[in-house]
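To start, the structure under review is shown below, and the notes come after it.
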Amino acid sequence: MALDVSVPDPPSLHGPQPRGEYQAINDPEEEVEDDYRREEVERILADGAWHDAFEEWTTQTGLTAADFEVVVEHDLVEAFDFYWDPATDEVGYRAPALPDEARGELDAEDVDEIESELDALGRVVSEMLENDYLLRDDETFGFFDDDAPEETFDYDDREQSGDSP
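1 is the number of the first residue of the sequence shown in the numbering used here; add one for each residue after it.
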């Protein structure tokens with residue numbers, strides 16, 4: 001069953017943070033300058049990406065309204081952080097953890113569920129930003145260049161050159 005709650009305001013982004021502390025980002029081989037593009041990501045979130053991603057997440061989450069009230073009560077939505085890494089062209093995120101006071105009020109299963117679902121929300125937002133909202137600097141973004149010719153291996157050439165499989 002979907003979580004039926006109002007979409008909260010998108011988080012205002014904090015930073016900079018060390019890149020290794022974000023989920024959904026593979027650290028680049030070499031560190032680039034601190035261009036996290038937070039202002040751009042924050043504007044895109046405010047312009048509708050947050051609303052769309054949050055609504056998608058509510059259809060998938062296992063949180064109850066009471067669990068989400070804990071998230072709201074402790075300002076955990078505001079504690080999210082997102083950034084766009086120019087080196088990898090990926091959106092990273094840091095999902096907040098429940099504060100100690102909330103942990104003391106909940107059983108361990110509820111703590112794990114809430115933190116897991118907050119991570120899932122971060123992942124949904126990150127993926128939606130990457131796939132639907134962010135304009136790429138490079139027109140050839142992606143794993144495959146559709147215009148590149150496919151490499152083929154000619155077995156006849158191998159046999160003539162004496163190469164073996």
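Glycine residues also receive a C-beta, built at the ideal position from the N, C-alpha and C atoms.
Worksheet item: Taking buried to mean at least 16 other C-beta atoms within 10 Å of its own C-beta, is T61 buried or exposed?
Response: Translated into positions along the sequence shown, residue 61 becomes position 61. By the neighbour-count rule (16 or more Cβ atoms within 10 Å), T61 is buried.
Discussion item. Please tell me whether A120 has its Cβ less than 8 Å away from any Cβ of chain B.
Written reply: Chain labels in this structure do not include chain B; a single protein chain is all it has.
Worksheet entry | A2 versus T59: straight-line alpha-carbon distance, rounded | As a working note, residue 2 is residue 2 in the sequence shown. As a working note, residue 59 is residue 59 in the sequence shown. Cα to Cα, A2 sits roughly 4 Å from T59.
Practice prompt. For the segment 3–13 and the segment 41–61, state whether three or more C-beta atom pairs, one from each stretch, are separated by less than 8 Å.
Written response: Contact holds between the segment 3–13 and the segment 41–61, because three or more Cβ pairs, one in each stretch, are under 8 Å apart.
Discussion item. Less than 8 Å between the C-beta atoms of L118 and A95, yes or no?
Written reply: As a working mapping, residue 118 is identified with position 118 in the sequence shown. As a working mapping, residue 95 is identified with position 95 in the sequence shown. Their beta carbons are under 8 Å apart, which means L118 touches A95 by this criterion.
Discussion item. Could you check whether the segment 73–86 touches the segment 103–110, counting it as contact only if at least three pairs of C-beta atoms, one from each stretch, sit closer than 8 Å?
Written reply: Of all C-beta pairs linking the segment 73–86 to the segment 103–110, fewer than three are shorter than 8 Å, placing the two stretches out of contact.
Worksheet item: Ordered along the chain, which non-local residues of its own chain (more than five positions away) have a Cβ less than 6 Å from that of P8?
Response: Locating residue 8 in the sequence shown gives position 8, where the first residue counts as 1. Once the five neighbours on either side are set aside, the close Cβ partners of P8 are V77.
Discussion item. Rounding to the nearest angstrom, what Cα-Cα distance links A66 and V41 in this structure?
Written reply: Translated into the one-based positions of the sequence shown, residue 66 becomes position 66. Translated into the one-based positions of the sequence shown, residue 41 becomes position 41. The straight-line gap from Cα to Cα measures roughly 30 Å.
Worksheet item: Is E101 buried or exposed, if buried means 16 or more other CB atoms sit within 10 Å of its CB?
Response: For this step, residue 101 is matched to residue 101 along the sequence shown. The residue is exposed, with fewer than 16 neighbouring Cβ atoms inside 10 Å.
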